[in-house]
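See below for the structure under consideration.
Residue numbers (the working numbering): 1 to 257.
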């Protein structure tokens, strides 16, 4: 590979955080960042994040597991502090990937489920971005990548909390970009399409929904977590230093159909 092109995407020496890194999209993005040279703090809610780190980095030097329930502000603050200490006060990349969903008819949506979705999918994104920004502003450089959704563009059905949160993620991404771009921090979001992860188990194989979904996707298939790898490396690297405030769909062409 040409050295100029290689250097654009090289993440050697970079320090990154990926939330929800134990499986699915978070795992794939963590693996991609490591393959490009970064050291990644992988945050998970359960012990399986330790197994994931061992699998994607048997050396134990590039994938570092951290446990936290990001819906709890105290745990969020604690784990961020632990990571920054391990990284000697440095942070180059934050990937806000952790997310949950709850499905109910709007008129029946429990308040506790609304709060749970908003706490993980929007509040944690904001608090971690704020903490990361405080570190990155001192360095004059940083990349924040939020994980939005196709529901940032349309409403969906039976997922009002998820849609509200992901709409908020898209707007927050633009707001942070406006404030921080001049200080060397790029804030962008990836909007995954219909990806084959546990978040979509209610849709995969559903005899009513799945055929309609696949008929709308020009690529003709469900996305895989690995389909996000290239876009994540782009937004995390020097290749995107003049790209900020965007919501990048990775959807197999769904929004263009």
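Glycine included, each C-beta is placed from N, C-alpha and C at the ideal position.
- Assignment of residue 212 by DSSP, reduced to helix, strand and coil, places it in the helix class.
- Excluding residues up to 5 positions away in sequence, 163 lie with their Cβ nearer than 6 Å to the Cβ of residue 156 in the same chain.
- Setting aside the 5 residues that flank it on each side, residue 173 is surrounded in the same chain by 146, 187, 189, each with a C-beta closer than 6 Å to its C-beta; the list follows chain order.
- Of the residues assessed, residue 27 falls on the buried side of the cut-off, its CB having 16 or more other CB atoms within 10 angstroms.
- Listed in chain order, the non-local C-beta contacts of residue 9 below 8 Å within the same chain comprise 36, 233, 234, 237, 238, 239, local neighbours out to five positions each way being set aside.
- In summary, residue 71 is buried, with 16 or more beta-carbon neighbours lying within 10 Å of its beta-carbon over all protein chains present.
- Exclusion of the five residues before and after residue 87 leaves 15, 39, 41 as the residues of its chain whose Cβ lies within less than 8 Å of its Cβ.
- Nearest C-alpha to residue 121 among 140, 152, 109: 152.
- When the five nearest sequence neighbours on each side are left out, the beta carbons in the same chain lying within less than 8 Å of the beta carbon of residue 230 are those of 32, in order along the chain.
- If you ignore the 5 residues before and after residue 217, its C-beta comes within less than 8 Å of the C-beta of 193, 194, 251, 252, 253, 254, 257, all in its own chain and listed in chain order.
- Straight across, the Cα-Cα distance linking residue 140 with residue 111 is about 41 Å.
- Going by C-alpha positions, residue 55 is about 43 Å away from residue 107.
- In the DSSP assignment, residue 5 falls within the unbroken alpha helix (DSSP H) covering 3 to 9.
- Residue nearest to residue 62 within the set 12, 103, 94 is 12 (criterion: CA-CA distance).
- Around the beta-carbon of residue 4, fewer than 16 other beta-carbon atoms lie within 10 Å, marking it exposed.
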